[in-house]
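What follows is a set of notes on a single structure, which appears directly below.
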Amino acid sequence: MITLSQMIAPHRLLDLETTEHLPALEIMIKSALPRASSSLQFHALEEIRSHSSSKEINLGKGFALSHARLDAITEIEAVVGLFRQPTGYLEGEPVHSVFCILIPSDQSHTYLSLMARLSRFLLQDGIDDIFLGGDHAAIVTAVQSFETE
Numbered sequence: 001m002i003t004l005s006q007m008i009a010p011h012r013l014l015d016l017e018t019t020e021h022l023p024a025l026e027i028m029i030k031s032a033l034p035r036a037s038s039s040l041q042f043h044a045l046e047e048i049r050s051h052s053s054s055k056e057i058n059l060g061k062g063f064a065l066s067h068a069r070l071d072a073i074t075e076i077e078a079v080v081g082l083f084r085q086p087t088g089y090l091e092g093e094p095v096h097s098v099f100c101i102l103i104p105s106d107q108s109h110t111y112l113s114l115m116a117r118l119s120r121f122l123l124q125d126g127i128d129d130i131f132l133g134g135d136h137a138a139i140v141t142a143v144q145s146f147e148t149e
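Okay, so the sequence shown: first residue is 1 according to UniProt numbering, each after it adds one.
Take a look at the structure:
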């Protein structure tokens, strides 16, 4: 099972150069699935785009979630895209951080457990400021501190 520390690890934090929705989503998917075929990466993108109202959620406080279930993967794959400044990634409040999570179709329970943990983590005071600051080390430290509580 993937932990928050594994999901929000240094190699999974991406500084996004673009503020445009589709290019940012493409970058995150390619980073989450670096060894996958381009057709699988495209399928993941289309899975999110075709169901965007249920697959992309503005979580508030500058956070968003883009996720898809895929039969072709066996592990949860995730990256966190960090915008340099809050942007209109999705409708609603501006977003500075996007959790892009790709889930094997048979791991719904694990995914729900991970989302519950992520929700508790994001509710902590000051977490939004840490992510907005874009300092990877500070983000990783905050996650590790939360995991050891």
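Every residue gets a Cβ at the ideal spot worked out from N, C-alpha and C, and that includes glycine.
With DSSP as the reference, please indicate the residues paired to residue i in a beta bridge.
i     : result
Arg69 : Ile103
Ser97 : Phe63 and Leu82
Leu13 : Val80
Glu56 : Ser66
Thr87 : Val95
Tell me which residues share the same chain as residue i and place their Cβ nearer than 8 Å to its Cβ, disregarding the 5 neighbours each side in the sequence.
i      : result
Val143 : Leu4, Ser5, Ile8 and Phe121
Gly92  : Asn58 and Gly60
If you compare alpha carbons, which of the options is closest to residue i?
i     : options                  : result
Leu13 : Leu123, Phe99 and Met115 : Phe99
Ser50 : Leu22, Ser113 and Asp128 : Leu22
Glu47 : Leu25, Pro34 and His109  : Leu25
Leu82 : Met115, Pro34 and Glu20  : Glu20
Pro34 : Ile73, Lys55 and Ser119  : Ile73
What residues in its chain sit with their C-beta under 7 Å from that of residue i, if we drop five residues either side in the sequence?
i           : result
Ile139      : Ile8, Leu13, Ile130 and Phe131
Pro86       : Gly62, Pro94, Val95 and His96
Leu16       : Ala24, Ile27, Gly81, Leu82 and Phe83
Ala32       : Glu77, Ala78, Val79, Cys100 and Leu102
residue 150 : Examination of residue 150 is not possible in this model, given that the chain is present from 1 through 149 alone.
If you check the beta carbons only, do residue i and residue j fall under 9 Å apart?
i      : j      : result
Arg84  : Gly134 : yes
Leu114 : Ile2   : yes
Ala116 : Pro10  : no
By Cβ distance, which residues of its chain are closer than 6 Å to residue i, with the 5 residues on each side in sequence left out?
i      : result
Ala64  : Asn58, Tyr89, Leu90, Val95 and Val98
Lys61  : Asp128
Phe146 : Phe121
Tyr111 : Ile103
Ser37  : none
Measuring CB atoms only, is the segment 63 to 75 touching the segment 38 to 47, in the sense that at least three cross pairs come out at less than 8 Å? yes
For the segment 99 to 109 and the segment 68 to 88, state whether three or more C-beta atom pairs, one from each stretch, are separated by less than 8 Å. yes
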